[in-house]
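Contents: one structure, followed by commentary.
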Amino acid sequence: MRFGFMMPFQNPPRWARPYPELYREFINQTVLAEELGYDTIWLTEHHFDDDGWSPSLLPLAAGIATRTSRIRIGTFILILPFQHALRVAEDAATIDILSNGRLDLGVGKGYRLKEFTGFGIPREQREALLEEGL
Numbered sequence: 178m179r180f181g182f183m184m185p186f187q188n189p190p191r192w193a194r195p196y197p198e199l200y201r202e203f204i205n206q207t208v209l210a211e212e213l214g215y216d217t218i219w220l221t222e223h224h225f226d227d228d229g230w231s232p233s234l235l236p237l238a239a240g241i242a243t244r245t246s247r248i249r250i251g252t253f254i255l256i257l258p259f260q261h262a263l264r265v266a267e268d269a270a271t272i273d274i275l276s277n278g279r280l281d282l283g284v285g286k287g288y289r290l291k292e293f294t295g296f297g298i299p300r301e302q303r304e305a306l307l308e309e310g311l
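Quick note on the numbering used here: the sequence shown kicks off at 178 and runs consecutively.
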C-alpha cells in the first residue's frame, strides 16, 4: 500500500497568510511528509479564487523537487486548455530531470466557468483544447 496526500493550497481571507510564507510552509510540509514515509504529493490548480489555490503547478513542483529526494510529485490536475502544450511539455520534462523521474503529470480539461471566462476561453472548447494539447 502507498500513501499520498493532496494539498489544496487554499489561503482563505479569514486566515490569510502572506504568499511567500504559505509557499515556504507548503514545501516544508512536503519535506516532512517525505520524512514520515509518504509516497506522493498531489498539487491542485485553480484560478480567480479569493482563497488562493495554486495557479501555477509546475514551478511549485520544481521547488518541491529541489527539496526532496524520494516522494513522487503529481499534478492533480494541470488544466491543459489554459496552457501552451509545448511549454507544459518542456517544463514537465525539466522538472522530471530535476526530480530524477519523480513527476507524475496529470492533466485535465477543467470545469469551472469562472476560470474559462477569466481566461477568455469559451468553456465549450475545453474538450477540443485538451485534445489539441495532448
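Virtual Cβ for every residue (Gly too), placed ideally from N, Cα, C. From a predicted model like this one, the values you see are computed outputs, not experimental measurements.
Taking the Cα positions, residue 280 is about 31 Å away from residue 190. Residue 211 places its beta carbon 8 Å or farther from that of residue 250.
Residue pairing by DSSP places residue 219 opposite 183 and 251 in a beta bridge. The beta-bridge partner set that DSSP reports for residue 281 consists of 251.
For residue 206, the enclosing alpha helix (DSSP H) starts and ends at 196-212.
Separation of the CB atoms of residue 284 and residue 306 is rounded to 11 Å, and the pair is thereby denied contact status at 8 Å.
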